[in-house]
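In what follows, a single structure is set out as structure tokens and then discussed.
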Amino acid sequence: MSLAEGRVPLAGTASSGDKAAALSGFVRADKSFYWMTRLSALLVLAILGGIIVSLVIGAFPAMKAFGLDFLTTQRWAPQLEPTPVMGALGPIYGTLLTSLIAMLIAVPVGLGIAVFLTEFCPIVLRRPIALAIELLAGVPSIIYGMWGFFVLGPWLAEKFQPFMIATVGSLPILGDFFAGPPSQLSLFNAALVLSIMILPFITAVAKDVFDTVPPVLKEAAYGVGCTTWEVVRNVVIPYTRVGVIGGVMLALGRALGETMAVTFIIGNAFKIQGSIFAPGTTISAAIASEFAESSDLHQSGLILLGLLLFFLTFGVLTAARLMLLQLEKKQGR
Amino acid sequence: MNPIYVRRRRVDTVIRLLCWAAALFGLVWLGMILFSLLWNGLAGLNFSVFTEMTPPPGQTTGGLANAIAGSLIMSFLGIAIGAPLGLMAGTWLAEYGRHDKLATVIRFINDILLSAPSIIIGLFIYGLVVVPMGGFSGFAGALALAVIVIPVVVRTTENMLHLVPNTLREAASALGMPRSFVIRRIAFRAARAGILTGILLATARVAGETAPLLFTSLSNQFWSLDLTNPLANLPVTINNFVQSPYAYWKQLAWTGALLITFAVLSLNIAARLIGGETTRK
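Taken in sequence, the protein lines are chains W and U. Quick note, the first sequence lines up with residues 1 to 333 if you use our numbering. Quick note, the second sequence lines up with residues 1 to 281 if you use our numbering.
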């Protein structure tokens with residue numbers, strides 16, 4: 001473990017020369033331990049810096065070739081001769097849309113489950129359900145992805161989508177989003193798998209946050225005759241609002257960057273079609289499916305996509321963490 | 001009865017039903033996933049999965065032995081590199097940097113890294129290792145996993161060291177123990193179970209990571225333990241097999257997925273058991 005380990009002196013047994021040597025050994029051990037830990041801590045900063053630098057270097061050729069057009073071009077033709085055309089509009093659209101739909105489904109359901117667990121659930125079921133949800137939050141995302149590909153996708157294409165297309169799809173304006181034909185590979189399918197994946201995550205965070213409400217506050221509200229819902233709406237949610245929003249943003253950050261849950265099922269189409277039942281792609285899916293076989297400018301374009309994703313998630317995660325920090329401060333008071 | 005009471009009670013009932021429905025909805029989906037995983041995975045689970053190599057296209061015998069071995073090696077290496085660094089960094093944050101501005105910054109950045117998209121980490125290691133080394137390699141995969149391990153271990157180590165009562169440290173210091181000895185002999189020992197929990201959780205996290213391996217380790221159809229070449233691993237093998245047209249490959253993908261999930265869930269449960277012991281003490 002250290003330099004001085006073997007010679008921890010016992011008082012009175014060591015001569016003065018030994019003592020001095022032992023003491024200087026301690027000082028050295030202390031210093032080297034301090035610097036080892038400090039350098040490791042600085043490594044965390046170095047990793048973040050390294051990520052940014054390596055992405056910027058890798059993306060530089062693409063930035064030079066496409067400039068700001070990269071953000072507004074929809075066409076993705078990296079093999080086009082003589083000059084390839086690459087634009088991020090399709091993946092950005094897909095990333096934002098799938099995350100939006102996923103959040104629209106997962107946030108109400110996830111918060112509902114959290115409220116259920118903290119207020120309505122019979123005590124006997126509380127721990128097992130909470131444990132099951134926490135464990136499911138740890139299941140690797142590729143499992144969700146392959147389940148979506150083999151099980152959910154076919155079911156959606158055969159049953160759910162034809163139904164939606166026949167009913168909602170015939171409405172004016174709104175119908176365009178649900179236009180046919182049904183497909184096993186679509187933005188909606190990917191969004192649904194994403195929502196199922198982030199559901200346990202939202203529930204776990206929200207439950208933790210709800211548990212921070214001091215019981216006295218809730219008991220006081222029940223004492224003046226509030227119903228359970230009134231306690232939740234007027235005491236629990238106002239008290240935890242910042243934390244809940246932070247948790248939701250954390251889930252959003254996860255949804256934006258998720259790769260394996262969407263890659264199989266999204267269809268890898270860079271063209272933007274109006275319908276959510278049409279194939280699309282996300283930034284991470286595009287990188288996952290093309291990167292290993294890409295080279296030169298194509299690869300640089302994919303790294304530039306990665307850089308965009310990094311800034312997108314970085315922004316969302318920073319906001320989320322700042323909110324959660326605020327909650328922690330409140331608790332500390 | 002007063003109509004206001006009736007309305008309040010009705011609203012409460014509706015919300016109560018909605019919450020029950022949400023819980024059912026969520027649990028049904030998650031139950032279905034586990035069910036199809038068990039159903040399809042168990043169908044292909046037999047001894048040859050652990051002894052035979054991944055089959056070439058079209059063949060209907062074969063297993064996942066090389067992928068399992070590769071995954072074990074890479075996860076182990078990832079932990080072996082990442083856990084000590086994370087442990088040290090967490091120690092600095094908890095023991096030396098408690099009131100340091102720099103520690104606040106590092107803590108914040110660490111939290112961001114904790115939830116950064118793993119595919120970005122793959123891109124980072126690709127630029128840092130794969131390009132300079134001139135090819136995909138198991139070593140690059142292990143490094144990518146180590147980068148994912150570090151923030152998890154930093155976080156749990158710091159939290160666990162914060163739980164160690166200061167009186168213990170003060171008592172040790174009063175006996176004349178140097179600072180680094182106080183930390184290693186007293187604080188680490190008191191927080192041992194919690195720190196181990198963190199490392200187990202980090203292992204669970206990397207065991208199923210796929211995205212960062214897609215273009216660092218790639219995969220390998222053959223038995224190989226050479227870290228300077230592409231190394232077979234379960235997640236990427238599953239990724240390749242899922243999208244293949246061969247029924248046997250798909251079957252192996254399900255079986256592999258079952259193995260990964262089983263490993264991850266056991267690690268999580270083990271972590272919980274160890275962690276539970278500390279809180280009870």
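C-beta atoms are modelled at their ideal positions from N, C-alpha and C, and glycine is treated no differently.
Look at the beta carbons and you see the region 71-78 of chain W not touching the region 249-256 of chain W: under three pairs across the two are nearer than 8 Å. Inter-segment contact for the region 91-100 of chain U and the region 25-42 of chain W is present: three or more beta-carbon pairs are separated by less than 8 Å.
For Val115/W, the nearest beta carbon of chain U is closer than 9 Å to its own beta carbon. Among the bridge pairs identified by DSSP, Val85/W is matched with Ala77/W. Excluding sequence positions up to five before and after Tyr248/U, its CB lies within less than 6 Å of the CB of Thr60, all in the same chain and listed in chain order.
Taking CB atoms only, Glu209/U has a neighbour in chain W less than 9 Å away. Taking C-beta separations shorter than 6 Å and ignoring five residues to either side along the sequence, Ser244/U has no partners in its chain. Bridge pairing for Gly280/W: Gly267/W [DSSP]. For Asp208/W, no Cβ of chain U is located within less than 9 Å of the residue's own Cβ. Sequence-distant partners of Leu111/W (beyond 5 residues in either direction) whose C-beta falls short of 6 Å from its own C-beta, in its chain, are Ala206. For the pair Phe310/W and Ile51/W, the CB atoms are nearer than the 9 Å cut-off. Residues of chain U whose Cβ lies closer than 9 Å to the Cβ of Asp30/W are, in chain order, Pro178, Arg179, Ser180 and Phe181. CA-CA distance, Arg184/U to Arg205/U, rounds to 27 Å. Fewer than three beta-carbon pairs drawn from the region 211-220 of chain W and the region 125-142 of chain W are found closer than 8 Å, and the two stretches are therefore not classed as touching. Glu158/U sits buried, since 16 or more C-beta atoms from the chains shown fall within 10 Å of its C-beta.
The shortest CA-to-CA distance from Ala319/W to any of Pro165/U, Leu258/U, Ser115/U and Ala187/U is the one to Ser115/U. The region 256-269 of chain U makes contact with the region 58-76 of chain U; the number of CB pairs closer than 8 Å reaches 3 or more. Cβ contact annotation for Arg321/W (same chain, cutoff 6 Å, sequence separation greater than five): none. Leaving aside the five residues that flank Val242/U on each side, the residues in its chain whose CB is nearer than 6 Å to its CB run, in chain order, Ala253.
Annotation for Tyr246/U: Pro57 and Gly58 place their beta carbon closer than 8 Å to its own, counting only its chain and skipping 5 residues before and after.
Considering only beta carbons, the part of the region 37-49 of chain W lying closer than 7 Å to chain U consists of Thr37, Arg38, Ser40, Ala41, Leu43, Val44, Leu45, Ile47 and Leu48, in chain order. Residue contact check for Ala204/W against chain U: no CB pair falls below 9 Å. Remark: C-beta atoms of Leu55/W and Phe124/U approach each other more closely than 9 Å. In the structure shown, Tyr144/W adopts helical secondary structure according to DSSP, grouped into three states.
Taking C-alpha positions only, Asn268/U is separated from Gly198/U by approximately 10 Å. DSSP places Met53/U in the coil class of the three-state scheme, outside both helix and strand.
Across the region 145-161 of chain U, CB contacts with chain W closer than 9 Å involve Val147, Ile150, Pro151 and Val154, in sequence order along the chain. The residues Leu71, Thr72, Thr73, Gln74 and Ile272, in chain order, have a CB closer than 8 Å to that of Leu89/W in the same chain once the five nearest residues on each side in sequence are set aside. Using beta-carbon distances, Met88/U counts as an interface residue toward chain W, with a partner under 9 Å. Phe35/U sits in a helix when the DSSP states are folded into three classes.
The three-state secondary structure of Met177/U, taken from DSSP, is coil. Around Leu324/W, the same chain offers Val242, Gly243, Gly246, Gly247 and Leu250 as residues with beta carbons nearer than 8 Å, after the five sequence neighbours per side are excluded. From the beta-carbon of Thr227/W, the residues of chain U found nearer than 7 Å are Arg8, Arg9 and Asp12. Cβ-Cβ distances below 7 Å link Ala59/W to Ser300, Ile303, Leu304 and Leu307 in the same chain, with the five nearest sequence neighbours on each side left out; the list follows chain order.
Here the C-alpha atom of Ala288/W lies approximately 57 Å from the C-alpha atom of Ile4/U.
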